[in-house]
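Visitor: My questions will all concern the structure given below.
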Amino acid sequence: MTIWEPTGPTGDGPRYLALADAIGDDIAAGRLGPGDRLPPQRDLARRLGVTVATVGRAYQVAARRGLLTGEVGRGTFVAPTPPPPPASPGPVLDVAAVHPPGHGPVHRAVAPILHRLAADPHAVGAEDADAVRHRIAGARWMAHAGWRPEPDRVEVTAGGQHGLAAALAAFAAPRQVVVTTELTNPGLLAAARLLRVELATVPGDAAGPRPDALDRLCARRRVAALHLHPTLHNPTGLTVPADRRRELAAVATAHDLVVIEEDPFGALLPDRPPPVAAWHARTVHLSGITKTLAPGLRIGYRYAPPSLAEPLRAAARALAWAPAPLVAEVATQLVLGGHAHQLAAARAAELAGRAALARQLLGARVAAPGPAPFAWVRLDRDAETVTALARRRGVAVAGTDEFAARRGAPAGLRISLSADDRTVRTALRALARLLPDRAEVSATRRVPGSGRR
Numbered sequence: 000m001t002i003w004e005p006t007g008p009t010g011d012g013p014r015y016l017a018l019a020d021a022i023g024d025d026i027a028a029g030r031l032g033p034g035d036r037l038p039p040q041r042d043l044a045r046r047l048g049v050t051v052a053t054v055g056r057a058y059q060v061a062a063r064r065g066l067l068t069g070e071v072g073r074g075t076f077v078a079p080t081p082p083p084p085p086a087s088p089g090p091v092l093d094v095a096a097v098h099p100p101g102h103g104p105v106h107r108a109v110a111p112i113l114h115r116l117a118a119d120p121h122a123v124g125a126e127d128a129d130a131v132r133h134r135i136a137g138a139r140w141m142a143h144a145g146w147r148p149e150p151d152r153v154e155v156t157a158g159g160q161h162g163l164a165a166a167l168a169a170f171a172a173p174r175q176v177v178v179t180t181e182l183t184n185p186g187l188l189a190a191a192r193l194l195r196v197e198l199a200t201v202p203g204d205a206a207g208p209r210p211d212a213l214d215r216l217c218a219r220r221r222v223a224a225l226h227l228h229p230t231l232h233n234p235t236g237l238t239v240p241a242d243r244r245r246e247l248a249a250v251a252t253a254h255d256l257v258v259i260e261e262d263p264f265g266a267l268l269p270d271r272p273p274p275v276a277a278w279h280a281r282t283v284h285l286s287g288i289t290k291t292l293a294p295g296l297r298i299g300y301r302y303a304p305p306s307l308a309e310p311l312r313a314a315a316r317a318l319a320w321a322p323a324p325l326v327a328e329v330a331t332q333l334v335l336g337g338h339a340h341q342l343a344a345a346r347a348a349e350l351a352g353r354a355a356l357a358r359q360l361l362g363a364r365v366a367a368p369g370p371a372p373f374a375w376v377r378l379d380r381d382a383e384t385v386t387a388l389a390r391r392r393g394v395a396v397a398g399t400d401e402f403a404a405r406r407g408a409p410a411g412l413r414i415s416l417s418a419d420d421r422t423v424r425t426a427l428r429a430l431a432r433l434l435p436d437r438a439e440v441s442a443t444r445r446v447p448g449s450g451r452r
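In case it helps, numbering that gives the first Met the number 0 puts the sequence shown at residues 0 to 452.
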């Protein structure tokens, strides 16, 4: 038997997934080879300080990925090196990643700005990505529904993930609890694993996370922060209504929680409700232009009250000293010149049309249709099996495991609507053939990321 322990983190997030990933990493790195026998589940569970069920599920996931084989009475072994997978009927249609195109109208808006900067002898020597005009641009980009953030409370980040990781690092120590939804942003899962923050989940209903469940969780456990993604939630597309946001803010205030509120897609829904930051003072509100306009414009904006500002600055500088001033300048000119909101409006109209097509082809499986850059497709069966079937049909999609903050999270697929029109249409039609009508869920099925039945 191989004396093996995973080299990667296995203690945070969904532990069985972290362990399955570690098995794959060690196979890829050559630390485990074909035919190597893995430790018995009970032995490995004892060494890692996890349950036997956690190890068993990790082994099952790794087996479904083709990494392991099991023999009754003999144990679990690294699978033989598999033959190359059969070629798909054509090129793989990638609708797993969510990236705005960054060309066409966006390129036409950015090009003259880049030309002006190229002619400016001082542009490359700029050191400050936190100048007043950048703060003003950030405040203007985030403002909506009567909420007008003060520019002096806005700071520029090197994208949304930078802002999110800094907020976690500032307000959640290792092993402390941060509450989120059952299905959540993969960036939060990654940051929590890195910082060794424990994620707890709160159930929900059709309107979003349930305040009563959050209140009970906070009474039972010591919670450091609450993570929310209330507008065009990733991955379900749900937008939490104003009343529910106000109720969640009241619970957060009662328990003195820091709220980390992500809003990367908000500009696609200009009539969205006010942010939780409008009702709860201890809120870090994160926005940005990257996921709305172009992946190359990696600039985010962070709003926070003065009482939270210094820990955030310290954490942000430790993670990435400062955003790139040139990129911040491009973003500022796009926002202050009015181009950014115009581009977002055009993008939202395009995405709304694609969401309608997804609903037409996939029916009631599609949750919360709207101008999100993705559609969530609810499943009655194992998402890993469906994603593997889709891949064999030449379509790459993202399944539940990429978003699950707890074991048993609702099964589903996230389909990117951000690719070119032909790719999206072809992929949707292929998935419609893969998911027959009998697999369609009814209107009473649980909403992903919530507790609704």
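Where a beta carbon is used, it is the ideal one built from N, C-alpha and C, also for glycine.
Here the structure is a predicted model, which means the values were calculated and not measured.
Verify whether the separation of the beta carbon atoms of L66 and V54 is less than 8 Å.
Guide: no
Visitor: Quick check: the Cα distance between H106 and E349, rounded to an integer number of angstroms?
Guide: Straight-line spacing of the CA atoms in H106 and E349 works out to 17 Å.
Visitor: Identify whether R221 lies in helix, strand or coil by the three-state DSSP scheme.
Guide: coil
Visitor: Give me the DSSP bridge partner(s) of D93.
Guide: A395
Visitor: What ranges does the alpha helix (DSSP H) occupy inside the stretch 243 to 326, keeping only unbroken runs of at least 4 residues that lie completely in it?
Guide: Here the runs fully enclosed are 305 to 318.
Visitor: Taking the straight line between their C-alpha atoms, what separation do you get for A351 and A189?
Guide: 29 Å
Visitor: Pop quiz: R346 and P99 are said to be a contact at Cβ under 8 Å. What is the actual Cβ separation, rounded to whole angstroms?
Guide: 7 Å
Visitor: Taking the alpha-carbon positions, what's the P305 to L361 distance?
Guide: 47 Å
Visitor: Where do the ends of the beta strand (DSSP E) carrying G69 lie?
Guide: Segment L67 to E70, the beta strand (DSSP E) holding G69.
Visitor: Mapping the DSSP letters down to three states, classify A366 as helix, strand or coil.
Guide: If DSSP states are grouped into helix, strand and coil, A366 belongs with the strands.
Visitor: Helix, strand or coil, according to DSSP, for L16 in the structure here?
Guide: helix
Visitor: Buried or exposed, going by whether 16 or more other CB atoms sit within 10 Å of the CB of R219?
Guide: exposed
Visitor: Considering Cα atoms alone, identify which of D35, R312, P5 and A117 is closest to V329.
Guide: Distance from the Cα of V329 is smallest, within the candidate group D35, R312, P5 and A117, for A117.
Visitor: Quick check on D35: does DSSP put it in helix, strand or coil?
Guide: In the structure shown, D35 sits in coil (DSSP, three-state: anything other than H, G, I, E or B).
Visitor: Over the uninterrupted alpha helix (DSSP H) stretch that includes V109, give me the two end residues.
Guide: P104 to A118
Visitor: V94 and A418 look like a contact to me (Cβ under 8 Å); what is the Cβ gap, rounded to whole Å?
Guide: Contact flag correct, Cβ pair sits at about 6 Å.
Visitor: Pick helix, strand or coil for V123, following the three-state DSSP scheme.
Guide: coil
Visitor: Kindly indicate which three-state DSSP category D379 falls into: helix, strand or coil?
Guide: coil
Visitor: Rounded to whole angstroms, what's the CA-CA distance from G299 to G34? Just pull it up for me.
Guide: In a straight line, the C-alpha of G299 is about 47 Å away from that of G34.
Visitor: Within 10 angstroms of its Cβ, does Q332 collect 16 or more other Cβ (buried), or is it exposed?
Guide: buried
Visitor: DSSP three-state call for L433: helix, strand or coil?
Guide: helix
Visitor: Kindly give me the distance between the Cβ atoms of P5 and L18, rounded to whole angstroms, as I take these residues to be in contact under 8 Å.
Guide: 6 Å
Visitor: Since F76 is in the beta strand (DSSP E), which residue starts that stretch and which ends it?
Guide: G74 to V77
Visitor: Give me whichever residues DSSP pairs with T156 in a beta bridge.
Guide: G299
Visitor: G158 to G287, Cα distance in whole Å?
Guide: 7 Å
Visitor: Expressed to the nearest angstrom, what Euclidean distance is found between the alpha-carbon atoms of G295 and A165?
Guide: 21 Å
Visitor: Nearest-angstrom Cα distance between P208 and A357?
Guide: 25 Å
Visitor: For F402, name the three-state secondary structure that DSSP assigns.
Guide: coil
Visitor: For the putative contact between V176 and A223, defined by C-beta atoms under 8 Å, what is the C-beta separation to the nearest angstrom?
Guide: 6 Å
Visitor: Within 10 Å of its beta-carbon, does P84 have 16 or more other beta-carbons around it, so buried, or fewer, so exposed?
Guide: In this predicted model, P84 has a pLDDT of only 47, less than 50, meaning its place in the structure is not dependable enough to derive any value.
Visitor: Is A371 helix, strand or coil by DSSP?
Guide: coil
Visitor: If I'm right that A374 touches L416 with Cβ under 8 Å, what's the distance once you round it to whole angstroms?
Guide: Confirmed, Cβ separation roughly 6 Å.
Visitor: DSSP beta-bridge partners for G453?
Guide: It is not possible to answer for residue 453, since the shown part of the chain is limited to 0 through 452.
Visitor: If you reduce the DSSP assignment to three classes, tell me which class P208 lands in.
Guide: strand
Visitor: Exposed or buried, what is H338 when buried is set at 16 or more other beta-carbons lying within 10 Å of its beta-carbon?
Guide: buried
Visitor: Can you confirm whether the stretch 180 to 199 touches the stretch 243 to 253 when touching is taken to mean that 3 or more C-beta pairs between the two stretches lie within less than 8 Å?
Guide: no
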